[in-house]
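Protein sequence lines, in the order shown, are assigned to chains A, D, Y and B.
Anchor point for the first sequence: position 1 equals 2 in the working numbering, and the numbering is continuous, going up by one each time.
Anchor point for the second sequence: position 60 equals 451 in the working numbering, and the numbering is continuous, going up by one each time.
Anchor point for the third sequence: position 33 equals 98 in the working numbering, and the numbering is continuous, going up by one each time.
Anchor point for the fourth sequence: position 22 equals 33 in the working numbering, and the numbering is continuous, going up by one each time.
Virtual Cβ for every residue (Gly too), placed ideally from N, Cα, C.
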Amino acid sequence: MSTGVTDGVAVEQMIYTWVFALVNALVLLVYAPLLDGIGRKIRARIQRRRGPSILQTIYDLRKLYCMPGIIDGYSGRYARYAPALTMALAIMAGLIIPSFLPADTGCDLIVAAYLLVAVSIALTYGSLSMSIPYSVVGGCREASLMMASELCFAGAIASIAAAYGTLYIAVASPIIRLDPFKPSMIIAAAVLAIIAYVEGLNLPFEISEAEPELAGGALIGYGGRTLALLMHSSMIKETLFIALLVDLLFPWSILGTGPVGLVLRIAVFTVLTTFIYMVMRMLDTVYGRYTPRQAIRALKRVGLASIIAVILASIGW
Amino acid sequence: MPGTTWLNTYFLCIPVILLLIPFILSWNKRILAKGSAVLTSISSIVILFLGVSGLTSRTPIITVYPWLSCPCNIQTYGFPYPLVFGLDRISSYFLIILGLVSLVSSIYMFGYLDYLERRREISRLIINYPLLVLFMYLVIIVQSLFWFLVLWELMGFTTQLLVASRMTKKGVAASMKYYLLTKAPAELMIAGGIAAIIVSCGNATYASVAQTLHLASNHDVVAGIVAPGLILAGLMAKTGLIPFHSWVPDAYGESPTMASALLSGAASKVGVYMLFRLFMYFLPPLGVWGVVLVVVGTATLVYGTLMALRQADSKRLLAYHSMGQIGYVVLALGASIYLMAYPPYSVILSSVAAAAALYHAFNHSLFKTLLFMSAGAAEYAVGERSLDLLGGLGRIMPLTSTAALIAAFSISGVPPFNGFVSKWMIYASTMPAVGLLPICGFAAMFISSVTTASFIKYYTSIYGRPSIKHIGFSGEPPLSMVLAMLILAGLCVLFGVVPLIPLKLIGYTLTNTWLQGHVVQGLMPAVSLVGMNPSTVIAAIVFPLSGLLYGILISGRTRGVKGWFCGAEKPLDKTLPAPSHYYDDFENVFHEIYSFSEKTSLSLRRIGRSLETLLPRASAVFETPVYMAFIACLIVFLLLIIGLATGCLPG
Amino acid sequence: MVASRIAFISEIKKKPVTEQYPYKPISVPEGFRGKPVIDPEKCIGCGACVNACPPGALSIYDEGNYRVVKLFLGRCIFCGRCQDVCPMGAVRLTDMFELASLSRDDLVQEVRLLLEKCSLCGKAFATRREVRHVEEKLDPEQRWLAHLCPRCRALVSAKMIGYARGCNR
Amino acid sequence: MRCDEFIAKTGLVDAECVDDSTVLVRAKNVLETAEKLAEYGPRYSTGVGIDYRPINRSYLMHHVLALDKDGLFIVLEASTGDPEPSIKSITPVYPAANWHEREAMDMLGIRFENHPEPYRLILPDDWPEGVYPLRKDYPYDEKPYDPRSIADRAAPRYFSAKTGVGEKRVAAEIPLGPYHPALHEPEYYELIVEGERIVEARYRGFYVHRGMEKLAESRLTYNQIPFLAERICGICGYTHATAYCQAVEKAADIRVPVRAEYIRSILLEIERLHSHLLWFGVAFHLLGFDTGFMITWRLREKIMDLAELLTGNRKTYGLNLVGGVRRDIDEAKARAVLEALDYIEGKFKALIKQVKDMGEIIARTKNIGILTRDEARKLGAVGPHARASGVDIDVRRDYPYAAYKYVDVNVPVMDGCDVLSRILVRYEETLESIRLLRVFIREIPAGGLMAEYGDIPELRIGIGVTEAPRGEDIHYVVTGRENKIYRWRPRAPSYMNLATVPYMLVGEKLANAPIIIASIDPCFSCTDHVIVIDVGSGRKMSLMKALRMI
């Protein structure tokens, strides 16, 4: 691709891409809370409760969005802006990471990773600007977790890039199909899955909002629609991590092209993400919570595995 | 020689004259205080102009001034190494960096001076500051290795004086450490290397050295390995790369703010400049240097950033970070050599890497200068540097805090700011590559998240969180300081949102290296997202969108209420956790990496203690008579230059 | 390790145990100590329950020529002491436990009992039912004593004893 | 050891037998006597301040020391007169006496000479100085002041002076409570943390003081108080009621029918089951394992139903009167109990077995919240908490009461001294009380439910003690005239255990604080008391280290 897009085909291509991307982002806005609702239902059923309706999260968000925002009055200037920025970044990530529709924005892993991480960065800036100790401690935990999971994420990305000589998701995507038994890729896939699990704030890694000691942690300074924005964007982020995983692991090209392929893709994507999400929620339900140190230590081990993956990939395995 | 233009001829010496004025007038400090700032800013504008013109003129200008070099003197006085000044594109690029940094930091100086006035730390600064700019300028534009050595020496000495110019105990100790660690050994090594090269080339001007080394280095061990090795070692010490890093935090931390801005923003780039010239211009791509640079760069960025994570002193934190960022630059530089030296000889990736190195060097001088300035603004307002005690400035100085936020975002590579683009080019060139590079790219990316965390700490604890103690200061710092910071912030955004501007400059610069010709098609694919640059797209979407969300959902409709303290309320300075312990758990888990740094820092402390004993003599060095003596020989030296140049020296 | 997690997850197959409480009633075992109810027909206003009631939910006072036994559920701790001590079995703890109400009056039960006037001094001294209850316990020729207030009863009986002495003399 | 033997052995001059398991020592010099008695290694059980002026114009302080090996209580009496009541403090000898003395100080205005931290303990911030609610001349329903009138007076002192946050403030004080989601009752922990490491901890509780003692001795009769005692605690109410009844029965020397004793024990064990299951739920929740919480509370629900079946109410059983119980247990109910027990036992064993495999749960509890054996003894920790630190005490075995006289109780003791071993001890206890319940239901004899007794004699001392789910629950009773009690002093187990919490918190991670606090199964409504522990005194080393770090 080049900066000056001249021929009509490319223009048409681009328009399609962006329309698809837009659709993806908009659908995600609803899909993410829906997944959360499903998660709550599953959690309830594992605990043999009836649990709320699947739409409950959406109702909650609607309620919060209708409320006026509330924020810690002593907090710094940025804290007011943080929710908006967080949401915008989440939507941006939703735009460029291909999810339901194959919007090949030529987005590469680095951009995707940075946007996804930026979501939690924007939030952390906010929560560390609060005057409430719980919020500050929660923010620190969020940041530490971010560092630790970035260790693994970087490893996974580097190994994929090294193995395929490219960073573009669209190119690197059919990992499994190309090499069913490339050890580095298997490790990388596993690591990516773990990252998705961790970034989804599933137990035992849900430490930044640990209710027992921090009473909501990083989010405690926010209420009303500001809280809604933050919660909503973190849900989107969580979903996008899974989307990234699916993008990379599923051999999309076997679905063929044209409208049929499109429909197939939507179906496959929805089924896969929902399934993965449900599995994650199930695990989340049957785990206790780590202390921050234990969580980081666990992620460090994963990170070492990903380093091995990088080395294997760079020697061509 | 060709290419001489009237304009350049006279412009080249304008800064020299301007910058010399301060210590010619050095007895009257009052006038000087603002005066030197004015002079410096004017001359840096000139430098900027020179840089741009030198870079954008169709053919690279090697301007040799007959009335400066006067080959006639060679026979007359047996003086073999004519003083050749000139602008080729490499030096022009770094001239732009130098000009920009010195310009903004001297604008900043206007306001900052009266803070120094208050603390009576002004005297030596206003003389050393222009001096340093001068010598950096000369080092960049000199075109002869011999004279490079001389000027480099002077630059080092000025730096040392500048570091000590606060005359605080710590400051002097820092400058002595700087002396012990960089000058004494480093200069020797550089001198040795240069001598070897000159001997093997029989000539000192860059052009000819480049020609000979390109031919020689493949078979000649001395020219290809030993000499560059020596020079590299010296430059590593000067730019604060592992293992010669230990002076960096003290030097940057202890010197007055715009001095440290200048040091970290420009002086470190001079070292990078020489590295670049050495490996991209003098030498052909040799694999061994690729490996060395990649390893050194990675080690430096990992070590520097991880050390920065645990700092609680704003300036030391920034100092460690500038170590780390230089590590990124060196990594990219090494990567581009590596990629050209080993199969598959991927010219595209290599040129992307080289571009990334230059780009990141530029970005680093932008946001690091800005960050040092923001730290200085906090110091200006509160007179405090410890993150544990700062806070609440965001409400007092909105503009400054916004600038600081932008800088923090940029250095931590948050899209769409400039740091993102250059880092991303580094990953894009290292990760998909072969052999050693992917692991380095991985380290770089991991470390960039550490950078993020550490700047979350930096920003929130100075500007973000509420103030934990009473601040007897309201409103922004003086206009000039704010202006300087806003300029830099604007550039950070610009270089992020429209990367094609710096990339164009870089494109020109790279034509001057062994990458020439491949550059243009080399850069384009690396920076495209559906035909546009990702950061452009992101900026185009995220900024308006977040603004929209803020406008619709938050602003005006959000109530600030008192935070919830479980019903047990306490003054904030008691309840708010201290930044120095923010990442305890992380540091504790990654202790293997830290235990190494613990050892080194122990040795540092030993050096420090030995310095304590040296202190009386050390500070005596800077007492006026000696100092005046130094200035005197300086003037003599410059007269000598002019004399040689004009050939009117009796003999 | 894994086995136990799977065991937890496999609970998902079982059906939930949540009680649909507000929609389905909850049954309580017999002997449940719910809302106490005073049977106005049986109560004789003796006040034994009032003495026994630990929280003082029960109170007794005269109002005109009625004696009021008042139960305020707001104070009741459902211990059932009143049930234990009531001589007539008039107080009974039902199995009602949904006492939440918007009006305080729903938590109050009052039993109004007509007072008996002393046949001598005419002072009201006990409820008619209590008097009748006492009458039943006495043998017929002494029943009139039950209609005297304690004070008059004391005087009369003293006089009678005096007469008796006198007769002896 | 019988009490007269004990007197003979010790040769205490002014000692007398209250009954065969209680010695009353009227000490001239309380401190000396306390030191003398310390040779026999007693455990400080409770301290009771009594306003005795209506009788002999003096205040009494009764320190109750327990000799667990011999099953003997020593009541150490110190008396002082109006108008300046002042007694030597024995806290230097028995650190556990700290609170009891301060409580007497607050409620009765007795001054304790050279008490280490003579600060306000119970009374709220806005309670005026010099007003002592437990004095006999203070009406139970009087409001001493108009809050507005003293709104702006200096707050009274609850803490001893603290180092706290240093000048360089690398540490921060994080409040945990009074209203904190992790704590289900109002209490206040002040955690001084460096990052997430707790370097110092202070505790203040007592936000739920309800003046029950005053109420009991002023307007309730003997048989009304059990219902009040039952409401001391929402979880272990019945054990309080039982302890009270036993105290009065002892004082009045009433023999309770054996069947009534069995019924009491059955309900006590049911209550223990309920309480332990509840605690397991809370612990799992605090460890982030909500599924375990749901499961245990589902089991607990069965116990609740059981209680409802047996007593007519889910929690407040309301079964006790002085001299016996009010309801019988018939065949059908007994059968229901056994069935429920089988169900619960099976499920609960399975759950704990699964939980033992969960790595993160073990990691969160092993070697967390260490309380050494010596500390536990010194601070008078009781119950599962003490037993998890290797202190082998259990009232059911040491001072057999109710039906425990007829069966033998196995007491699980562990010496892990950490949260994990507290969990395991409670697990063992749960199984043990299931076993006991089976035994009781099998062996319950026929017979009456209530003892016949006349008026209760005046000014007799009675000590009723039960093993509550949380440990020794001791009620101290002085009988009064006209069917009213003269002084009633319940001391809940958490009163002793809470004192140990700050010792356990120091040096731990903030993330572990909730589970450590919960690991003593604190019951604040029970305790109703404030502690302030200067960690320096307990963990001098660790604190000093912490301070050096600051």
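Q | Alpha-carbon spacing of D/T966 relative to D/D704, whole angstroms | A | 20 Å
**Q.** Own chain, CB closer than 6 Å to D/L632, minus 5 neighbours either side, in chain order
**A.** V687, T691
Q. With a Cβ-Cβ cutoff of 9 Å, do D/Y506 and D/Y771 count as a contact?
A. yes
Q. Taking DSSP as the reference, what is the three-state secondary structure of D/P916?
A. At D/P916, the pLDDT of 48 sits below 50, so the modelled position is not reliable and the matter cannot be decided from this model.
Q. Within the 9 Å Cβ cut-off, does D/G898 reach chain B?
A. no
Q: Give the residues of chain Y in contact with B/L320, contact being defined as C-beta atoms less than 8 Å apart.
A: P94, G96
Q. Below 9 Å between beta carbons: does that hold for B/F123 and B/E280?
A. no
Q: Look up B/L281 in the DSSP assignment and give the residues it is bridged to.
A: Reading the sequence as shown, one finds Ile at residue 281 of chain B and not Leu. Bridge partners of B/I281: none, in fact.
Q. Exposed or buried, which one is Y/M60 when buried takes at least 16 other CB atoms within 10 Å?
A. Lying outside 66 to 234, the shown extent of chain Y, residue 60 of chain Y is not represented and no answer is given.
Q: Quick one: grab the DSSP three-state call for D/W905.
A: coil
**Q.** Interface positions of the region 269 to 288 of chain A facing chain Y (Cβ-Cβ less than 7 Å), listed along the chain
**A.** M283, V287
Q) For A/S315, does the three-state DSSP call read helix, strand or coil? A) helix
Q: Identify every run of the alpha helix (DSSP H) within the region 145 to 184 of chain Y, keeping only runs that are complete inside it and at least 4 residues long; order them along the chain.
A: 146 to 150
Q) Three or more C-beta pairs closer than 8 Å, one from the region 637 to 646 of chain D and one from the region 549 to 558 of chain D: is that the case here? A) yes
Q. Of all the CB atoms in chain A, is at least one closer than 9 Å to the CB of B/E27?
A. no
**Q.** Chain-ordered residues of the region 854 to 869 of chain D with a beta carbon less than 8 Å from chain B
**A.** I859
Q: Assign D/W458 to one of two classes, buried (16 or more other C-beta atoms within 10 Å of its C-beta) or exposed (fewer than that).
A: Only weak support exists for where D/W458 lies, its pLDDT of 45 falling under 50; the coordinates are left without a value.
Q | Where Y/K79 meets chain A, residues with beta-carbon distance less than 7 Å | A | R49
Q. Taking 9 Å as the CB-CB cut-off, is D/Y974 touching chain B?
A. yes
Q. How would you label Y/C108, buried or exposed, when you count the other beta carbons within 10 angstroms and need 16 or more for buried?
A. buried
Q. CB-CB under 6 Å to D/S737, same chain, minus the five flanking residues each way: which ones, in chain order?
A. L730
Q. What did DSSP end up calling B/F300 once you bin it into helix, strand or coil?
A. coil
(Q) For D/L724 and D/L796, which I take to be in contact (beta-carbon distance under 8 Å), what is that distance rounded to the nearest angstrom? (A) Wrong, their Cβ atoms sit about 30 Å apart, outside the cutoff.
Q | Neighbour list for B/E371 in chain A, Cβ cutoff strictly below 8 Å | A | P205, Y288, G289, R290, Y291, Q295
Q) If we count the other Cβ atoms within 10 Å of its Cβ and call it buried at 16 or more, is Y/L158 buried or exposed? A) buried
Q.
Looking at the strands, I want to know which residues DSSP matches up with D/V368.
A. What is shown of chain D runs 392 to 1042, which leaves residue 368 of chain D out entirely.
Q | Residues of the region 105 to 134 of chain A with Cβ closer than 8 Å to any Cβ of chain B, in chain order | A | P134
Q.
Taking 8 Å as the cut-off, is the C-beta of B/L460 nearer than that to any heavy atom in the ligand FAD?
A. As presented, the structure is devoid of all ligands, the ligand FAD included, so that no description of it is given.
Q. From the beta carbon of B/I185, is the nearest beta carbon of chain D less than 9 Å away?
A. yes
Q. Of all the beta strand (DSSP E) runs that stay within the bounds of the region 461 to 538 of chain B, which reach a length of 3 or more residues?
A. 472 to 479, 482 to 490, 496 to 502
Q | First and last residue of the uninterrupted alpha helix (DSSP H) at B/Y233 | A | That residue, B/Y233, is in no alpha helix (DSSP H); it is neither H nor E in DSSP.
**Q.** C-beta atoms of D/S496 and D/M764 nearer than 9 Å
**A.** yes
Q. Can the beta-carbon of D/A555 be found less than 9 Å from the beta-carbon of D/M546?
A. no
Q) Hey, out of A/S100, A/Q14, A/L62, A/D109, whose CA is closest to A/T240's CA? A) A/S100
Q) For B/D385, does the count of other Cβ atoms within 10 angstroms reach 16, so buried, or fall short, so exposed? A) exposed
Q: Could you confirm whether any beta carbon from chain Y is found closer than 9 Å to the beta carbon of A/R226?
A: no
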